[in-house]
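Peer 1: Just passing along the structure, written as structure tokens.
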Amino acid sequence: MAKSADRSEAALRRFLQRVWREDVAPLLRDRHARQRAKTAKLGGKAAAAGGLLVDSLLRLKGRPFTRAMTVLGASFGAMLPDVWTWRWLRRRADERQRRVVRERVQQRAATLDEVEALALFGLTPAASFEDLKRAWRITARRWHPDAAADAAARAEHQVRFIAYQSAYERLEAAYAAGRLPRTPK
């Protein structure tokens, strides 16, 4: 079961990263521009301090580590706002951003490829409808928004639950239409 849960979590992470990259990040571009500038500056300063320390310890002239690490730190700092994290959703996103994320996740999950939707539950195309229902019950109990410990965790639970629920509904229709289960070739 642990391997199935790991595969399920990895599939969800890939799905959410794609939704973030293709649907959510473009909507937040202006807001992230300010954040990108701030984190680039902070990343550059922190990396420069580390580079200066290395240059001083090695007694290097021209500060090669300081220059190189400043560029790397600023680059990584600038990329940081574009990375999907639950922490961002829990702590930094306002209600409008959370709503956008929920809507985009629901839209994308409803159109997921059947194999990818099954992967969210740790299942293969050969899985029976009973396997799907069992996986859905476990997932729904685990990620239902009412099971969240606090308001911040509820934001994560809502997004996860929406993704799983939309994928389940999509798969339910595929089983009803006879497209699933598929027999291995």
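Going by this note's numbering, the residue at position 51 of the sequence shown is 388; the numbering climbs one at a time, nothing skipped. Beta carbons are placed, not taken as given, at the ideal position from N, Cα and C, and that holds for glycine. Treat the numbers as computed from the prediction; the structure is a model and nothing was measured.
1. Considering Cα atoms alone, identify which of D468, A511 and E440 is closest to Q495.
2. Got a sec? Which residues, its chain only, sit under 8 Å from R427 by beta carbon, not counting five neighbours each side?
3. Any idea what DSSP makes of A342, helix, strand or coil?
4. CB-CB under 6 Å to G380, same chain, minus the five flanking residues each way: which ones, in chain order?
5. Please report the straight-line C-alpha distance between H481 and A446, rounded to a whole angstrom.
6. Would you mind giving the Cβ-Cβ distance between L460 and L469, rounded to the nearest angstrom? I have them listed as a contact below 8 Å.
7. Return the CA-CA distance between Y505 and A472, expressed in angstroms with no decimal places.
8. Taking L517 as the reference, give the member of Q444, E451 and A348 with the closest Cα.
9. Which residues mark the beginning and the end of the alpha helix (DSSP H) in which R497 is found?
10. Under the three-state reduction of DSSP, which class applies to D367: helix, strand or coil?
11. Near Y512, what residues of its chain come up, given a Cβ to Cβ distance below 6 Å and the 5 sequence neighbours on each side ignored?
12. Evaluate T376 with the Cβ neighbour count: other Cβ atoms within 10 Å of its Cβ, from every protein chain shown; 16 or more gives buried, anything less gives exposed.
13. Nearest to L353 by CA position, among L508, A514 and F498, is which residue?
14. Out of I475, L508 and E359, which one is the CA nearest neighbour of V442?
Peer 2: From the atom records:
1. Counting from one through the sequence shown, the residue named residue 495 turns up at place 158. The shortest Cα separation from Q495 among D468, A511 and E440 belongs to E440.
2. The residue you call residue 427 lines up with position 90 of the sequence shown. Contacts found: A489, A490, A492 and E493.
3. Here residue 342 refers to the residue found at position 5 of the sequence shown. Note: A342 maps to helix in three-state DSSP.
4. Counting from 1 along the sequence shown, the entry for residue 380 is found at position 43. The answer, listed in chain order, is G410, A411, F413 and G414.
5. As a first step, residue 481 is located in the sequence shown; it is residue number 144 there, counting from the start. As a first step, residue 446 is located in the sequence shown; it is residue number 109 there, counting from the start. Cα to Cα, the separation comes out at about 17 Å.
6. Numbered from its first residue, the sequence shown carries residue 460 at position 123. Numbered from its first residue, the sequence shown carries residue 469 at position 132. With a Cβ gap of about 6 Å, L460 and L469 count as contacting.
7. The residue you call residue 505 lines up with position 168 of the sequence shown. The residue you call residue 472 lines up with position 135 of the sequence shown. Taking the straight line from one Cα to the other gives about 10 Å.
8. Here residue 517 refers to the residue found at position 180 of the sequence shown. Nearest C-alpha to L517: E451.
9. Here residue 497 is taken as the residue at index 160 of the sequence shown, counted from 1. Taken as a continuous stretch (DSSP letters only), the alpha helix (DSSP H) holding R497 covers A488 to A513.
10. On the sequence shown, position 30 is the one that residue 367 refers to. Reduced to three states, the DSSP call for D367 is helix.
11. Here residue 512 refers to the residue found at position 175 when the sequence shown is read from its first residue. If we look at Y512 and ignore the five residues flanking it on each side, its Cβ neighbours are F466.
12. In the sequence shown, residue 376 corresponds to position 39, counting from 1. By the neighbour-count rule (16 or more Cβ atoms within 10 Å), T376 is buried.
13. As a first step, residue 353 is located in the sequence shown; it is residue number 16 there, counting from the start. Nearest C-alpha to L353: F498.
14. The residue labelled residue 442 in the question sits at position 105 within the sequence shown. Among I475, L508 and E359, the Cα nearest to that of V442 is on E359.
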